[in-house]
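Chains as they are written, first to last, in our numbering: chain R, 147 to 368; chain C, 14 to 499. Think of the CB as a built atom: it goes at the ideal place given N, C-alpha and C, for glycine as much as any other residue. All values derive from a computational prediction rather than experimental measurement. See structure below.
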Amino acid sequence: MSITLSEAESRRVVTRYGVPVSPFVTGTSTDEVIEAVAADPTVEYPVVAKLCGRAIAHKTERGLVRLRLADAAALRSACDDLLAAARPDDGDVEVLVSTMVDGNRELIAGLNDDPQFGLTIMLGVGGILAEAIRDVVFRVVPITDIDAGEMIDDLATQRLLEEFRGEPALDRQSLIDALVGLAAVGEQEADIVSIDLNPLILVDGKPIAVDALLELNQEADQ
Amino acid sequence: MSHDLSALFDPKGIIITGVSNHPGKFGFVTLHNLLVSGYEGNIFPVGREPSEALGRPVLGSIDEVPEGEADMVFICTPQAVNEDLLRAAAAKGVKAAFFAAAGYREAGPDGVEAERRLVALADELGIAVAGPNGQGVVSTPSKMCAQIVAPYAPAGRIAVASQSGNFVSSFLNLAHHTGVGISRAVAAGNAAVLGIADYVEWFADDPETSVCLVYMESVDNGREMFERLKAVAERKPVVVVKGGASDAGARAAASHTGALASDDAVFDGMCRQAGLIRARDVEEAFEAAATLATQPLPAGERVVVVTTVGGWGVAAVDAMSGTRLVATPLPADLHAAIDEKLPPRWSKNNPIDMAGGETRDTVPEIMELAASHPEVDSVLFLGLGIQSNTAAMMRDGEFYPDHGLERIVGFHERQDARYAEAAAEISERTGTPVLLATELANARPDNPGPAGARSAGRMCHSSAGRAIRSLDLMTRYAQWRRARGL
């Protein structure tokens, strides 16, 4: 059996390895959240607020994600709503606020403990549509910069990585660094079953994860 | 762990167990195949009682084999007696065994136990055990066809290790068909002791082998296999075709990544990372291996296609879509040099369509110009055999040899043989691969074009698309090497 960390916990882990995630803060009350945002200049309005906790697997389906909050007043009202929506069986919850990141192109990246090859790393096209598109490539962890570059080259949808609708081409080294960082999470953190960075949005050609989900072997938490 | 398999592939003498004079039995067939393939070492057929088979004395016991005269035993006897036979063979100096015998893991719980004992015994005796439940081993440097089935194979530089015996036969048949030969071939059978990685590691050190060709179905201990095959791929190309690759079903998984991790996607990524050249099917695998075994590695992805007429060139360029290959625009100096050789109606771009403007020497000259140009990484010639095909109809018709037909038929046939020879010679001299493709390789294999390719030791592909596929696989492997400074 495995457990999944909350989005906030997952983000904190992958950030330590240089995986780029959208700037974020957290708090367990509305006041704490508002103060945290005010204190952190990297979190800029408009923001997104999400209620997260280990037991909350499907934030979007439960309406626990509030997008494009333009200012502190909107954020305050969203925080009140989200905290009120928590159910007793959600356990410990917190509100995560992050800069609203916009980009037309979404990727997905992740780790998975494979029964044959051990820990593997994936890169794919499509973000939330990835399972329908199925343009994904895998490698065995650890990977080198060369391996990461070849993962990018092996995607079928190369056109998406070129200049696209006024957005610049993929900054290749940024994605290589993100993949090598993600692989390093798998090498150095114990008991990883899987990680999803989904979606990984291209902003000015650079990948930024706006959601992260880390699944651990349950024994690790006891 | 690396095994010394020299006694398996180059034995100085072979004991065959289970030999009778019944030509339907495996022991007899193996003896027959060894004799017919021209094996020059000692052969000691052993049966239940002394007799004779194929004019050879059959010994009643391994005890009668002179000590030190045989270093390999080929086991065709029932499972229950084989442990005693292996001990007796070890006492005579045997270092390797091929177990064609069945009745092991594939045969239920008793067989599983017998296989476990076999593994322990192999370890105790220090014998390299291949099989059990395998069809045999082929080694052309030793003129050895130690197999319970056909065929043998022409000599060459491809080494085969297969988890399916049938596909060993398929690869050997394709070697016969194309003329691109085999160094070693082994069916892993149940792979109780020796597995695919053990064979391929030995091939990496084998001076007779330049390309490894692997068929696999199951992947046990994938991480270890990845590390070992990667180390081999750094030294020699390893072509892999995997059966059971159609598992599109994702596993039940909490994560999107897990849901997307089909066996095939993960295996494919492992191959790319390890530098393994993954083919889609057995024919493609053999053709890639045959191309790698007989052509230099391309320095890049720029291809020039040379044709005598239009359509084939179009098909070749179409086949490049979705590959790493590029039909490179003709460099200006190459364009100018070709202008000197061809009448003005030639295509003036890539594919180089000679539009029937070639004279006696044009085809080799254009191939040479393209292959020796520094901005061209490989050349594909389409149109081999077309003159001889015209000649064949003349030769078979009622007007031959009169009306000047004999002379022109001879000219056409000499030309095609010359083109095939020139392609081989030019690629060797320039270090640029020069591939050939024509459906005549299948439809009329005796046509002097494809026949000439065979006698030059080269693969003649049966279509432009298949040649492009081999070239793409070869180019990817070259890119993998180059990226790692190999």
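(message) For C:Ser1 and R:Leu316, I'd like the C-alpha separation in whole angstroms.
(response) In the structure as shown, chain C starts at 14 and stops at 499, and residue 1 of chain C therefore has no counterpart that could be examined.
(message) Can you tell me where the beta strand (DSSP E) holding C:Met229 begins and where it ends?
(response) Taking the first residue of the second sequence as position 1, residue 229 of chain C is located at position 216. Element bounds for C:Met229: 224-229.
(request) Classify R:Val193 as helix, strand or coil using the three-state DSSP reduction. (result) Within the first sequence, the letter at position 47 stands for residue 193 of chain R. Correct three-state label for R:Val193: strand.
(message) Suppose contacts are defined by Cβ-Cβ distances below 8 angstroms. Is R:Val239 in contact with R:Cys198 by that definition?
(response) Taking the first sequence and counting its residues from 1, one reaches residue 239 of chain R at position 93. Taking the first sequence and counting its residues from 1, one reaches residue 198 of chain R at position 52. A contact, by the Cβ cut-off of 8 angstroms.
(request) Can you pull the chain C residues whose beta carbon is under 9 angstroms from the beta carbon of R:Thr206, in chain order? (result) The residue labelled residue 206 of chain R in the question sits at position 60 within the first sequence. Within chain C, no residue comes near R:Thr206; the closest Cβ sits about 13 angstroms away, beyond 9 angstroms.
(request) Indicate whether R:Leu269 and R:Leu257 have their beta-carbon atoms separated by less than 8 angstroms. (result) Looking up residue 269 of chain R in the first sequence gives position 123. Looking up residue 257 of chain R in the first sequence gives position 111. No; because the gap between Cβ atoms is not below 8 angstroms, this pair is not in contact.
(request) Determine the direct distance from the alpha carbon of R:Gly327 to that of R:Gly295, and round the result to whole angstroms. (result) Along the first sequence, read from residue 1 onward, the residue named residue 295 of chain R stands at position 149. Along the first sequence, read from residue 1 onward, the residue named residue 327 of chain R stands at position 181. Cα to Cα, the separation comes out at about 13 angstroms.
(message) Once DSSP output is grouped into helix, strand and coil, what is the label at C:Ala263?
(response) Working through the second sequence from its first residue, we reach residue 263 of chain C at position 250. Because the pLDDT of C:Ala263 is 43, which lies under 50, any placement of that residue in the model is unreliable, and the question is left without a value.
(message) Strictly by DSSP, which residues pair up with R:Val165?
(response) As a first step, residue 165 of chain R must be located in the first sequence, where it is residue number 19. Bridge partners of R:Val165: none, in fact.
(request) Check the Cβ of C:Met157 against every Cβ in chain R and list those closer than 7 angstroms, keeping chain order. (result) Position 144 of the second sequence, counted from the start, is the residue given in the question as residue 157 of chain C. Those do not exist, as C:Met157 stays about 34 angstroms from chain R at its closest Cβ, beyond 7 angstroms.
(request) Just the C-alpha distance for C:Asp97 and C:Thr90, rounded to the nearest angstrom, thanks. (result) The residue given as residue 97 of chain C occupies position 84 in the second sequence. The residue given as residue 90 of chain C occupies position 77 in the second sequence. Their Cα atoms are separated by approximately 11 angstroms.
(message) Cutting at 8 angstroms between CB atoms, please list the residues of its own chain near C:Glu441, excluding the five before and the five after it.
(response) For this step, residue 441 of chain C is matched to residue 428 along the second sequence. Closer than 8 angstroms at the Cβ level, and outside the excluded window around C:Glu441, lie Pro309.
(message) Quick check on C:Gly73: buried or exposed, where buried means 16 or more other Cβ atoms within 10 Å of its Cβ?
(response) Position 60 of the second sequence, counted from the first residue, corresponds to residue 73 of chain C. Classification for C:Gly73: exposed.
(message) Output needed for C:Thr320: all residues of its chain with C-beta closer than 6 angstroms, excluding positions within five of it in sequence on either side, in chain order.
(response) Indexing the second sequence from 1 puts residue 320 of chain C at position 307. Cβ neighbours of C:Thr320 beyond the five flanking positions: Gly326, Pro364, Asp366, Leu395, Gly396.
(message) Just verifying my parser: in three-state terms, what is the DSSP assignment at C:Ile195?
(response) For the purposes of this step, residue 195 of chain C is identified with residue 182 of the second sequence, where counting begins at 1. Three-state result, C:Ile195: strand.
(request) Return the first residue and the last residue of the alpha helix (DSSP H) that C:Thr336 is part of. (result) In the second sequence, the residue the question calls residue 336 of chain C occupies position 323. C:Thr336 -> no alpha helix (DSSP H), and no H or E assigned at all.
(request) May I ask you to report which of helix, strand or coil DSSP gives R:His204? (result) Indexing the first sequence from 1 puts residue 204 of chain R at position 58. Three-state result, R:His204: coil.
(request) Assess, as a yes-or-no matter, whether the segment 365-381 of chain C is touched by the segment 431-438 of chain C under the definition of 3 or more beta carbon pairs within less than 8 angstroms. (result) yes
(message) Output needed for R:Arg222: all residues of its chain with C-beta closer than 7 angstroms, excluding positions within five of it in sequence on either side, in chain order.
(response) As a first step, residue 222 of chain R must be located in the first sequence, where it is residue number 76. So the qualifying residues of the chain are Thr176, Ile180.
(request) For my contact list, R:Thr174 and R:Ala154 are in at a C-beta cut-off of 8 angstroms; report their separation, rounded to the angstrom. (result) In the first sequence, residue 174 of chain R corresponds to position 28, counting from 1. In the first sequence, residue 154 of chain R corresponds to position 8, counting from 1. Contact doesn't hold; Cβ gap of about 10 angstroms is too wide.
(request) Could you list which residues in chain R have their beta carbon closer than 7 angstroms to that of C:Gln286, in chain order? (result) Counted from its first residue, the second sequence places residue 286 of chain C at position 273. Within 7 angstroms Cβ-Cβ: Arg285, Val286, Asp293.
(request) Look at the alpha carbon of C:Asp352 and the alpha carbon of C:Arg358, and state the distance between them as a whole number of angstroms. (result) Stepping through the second sequence from its first residue, residue 352 of chain C is reached at position 339. Stepping through the second sequence from its first residue, residue 358 of chain C is reached at position 345. If you take the alpha carbons of C:Asp352 and C:Arg358, they lie about 10 angstroms apart.
(request) Check whether the Cβ of R:Glu277 lies closer than 8 angstroms to any Cβ atom in chain C. (result) Taking the first residue of the first sequence as 1, we reach residue 277 of chain R at position 131. Under the 8 angstroms criterion on CB atoms, R:Glu277 is classed as interfacial with respect to chain C.
(request) Would you mind telling me which residues of chain C sit closer than 7 angstroms to R:Asn258, beta carbon to beta carbon, in chain order? (result) By one-based count along the first sequence, residue 258 of chain R stands at place 112. What R:Asn258 touches in chain C: Ser268, Thr270, Gly271, Ala274.
(request) Quick one: list the residues of chain R neighbouring C:Arg129, beta-carbon separation under 7 angstroms, in chain order. (result) On the second sequence, position 116 is the one that residue 129 of chain C refers to. Those do not exist, as C:Arg129 stays about 23 angstroms from chain R at its closest Cβ, beyond 7 angstroms.
(message) Less than 8 angstroms between CB atoms is the rule here; does R:Ser152 satisfy it with respect to chain C?
(response) Position 6 of the first sequence, counted from the first residue, corresponds to residue 152 of chain R. No, R:Ser152 does not count as interfacial toward chain C.
(message) Is there a C-beta anywhere in chain C that falls below 8 angstroms from the one on R:Glu335?
(response) The residue labelled residue 335 of chain R in the question sits at position 189 within the first sequence. No - not a single Cβ of chain C is within 8 angstroms of the one on R:Glu335.
(request) Taking R:Ser148 as part of the beta strand (DSSP E), name the residues at either end of that continuous run. (result) Here residue 148 of chain R refers to the residue found at position 2 of the first sequence. For R:Ser148, the uninterrupted beta strand (DSSP E) segment begins and ends at 148-150.
(message) Let's test the definition: count the other Cβ atoms within 10 Å of the Cβ of R:Thr206 and tell me whether it reaches 16, buried, or not, exposed.
(response) Residue mapping note: residue 206 of chain R aligns to position 60 of the first sequence, counting from 1. So R:Thr206 ends up on the exposed side.
(message) Please give the ranges of any alpha helix (DSSP H) in the segment 244-308 of chain C, keeping only runs that are unbroken, at least 4 residues long and fully inside the region.
(response) 269-273, 276-287, 295-307
(message) With three or more C-beta pairs closer than 8 angstroms as the rule, is the segment 270-284 of chain C touching the segment 468-475 of chain C?
(response) Segments in contact, no.
(message) Please list, in chain order, the chain R residues whose beta carbon lies closer than 7 angstroms to that of C:Val232.
(response) Working through the second sequence from its first residue, we reach residue 232 of chain C at position 219. Correct list: Gln262.
(request) Would you kindly report the start and end of the unbroken alpha helix (DSSP H) that includes C:Phe111? (result) Here residue 111 of chain C refers to the residue found at position 98 of the second sequence. Counting along the chain, C:Phe111 sits inside no alpha helix (DSSP H); it lies in the beta strand (DSSP E) bounded by residues 109-112.
(request) Note down, in chain order, each residue of its chain lying with its Cβ closer than 8 angstroms to the Cβ of C:Leu219, except the 5 sequence neighbours on either side. (result) Your numbering for residue 219 of chain C matches position 206 in the second sequence. The residue asked about is misnamed: residue 219 of chain C is Asp in this sequence, not Leu. The residues are Phe22, Ala172, Ser196, Arg197.
(message) Please state the DSSP three-state secondary structure of R:Phe284.
(response) In the first sequence, counting from the first residue as 1, residue 284 of chain R sits at position 138. Looking at R:Phe284 - three-state DSSP - the assignment turns out to be strand.
(request) Work out the CA separation of C:Ala368 and R:Pro353 for me, nearest whole Å. (result) As a first step, residue 353 of chain R is located in the first sequence; it is residue number 207 there, counting from the start. As a first step, residue 368 of chain C is located in the second sequence; it is residue number 355 there, counting from the start. Between R:Pro353 and C:Ala368, the C-alpha separation is close to 51 angstroms.
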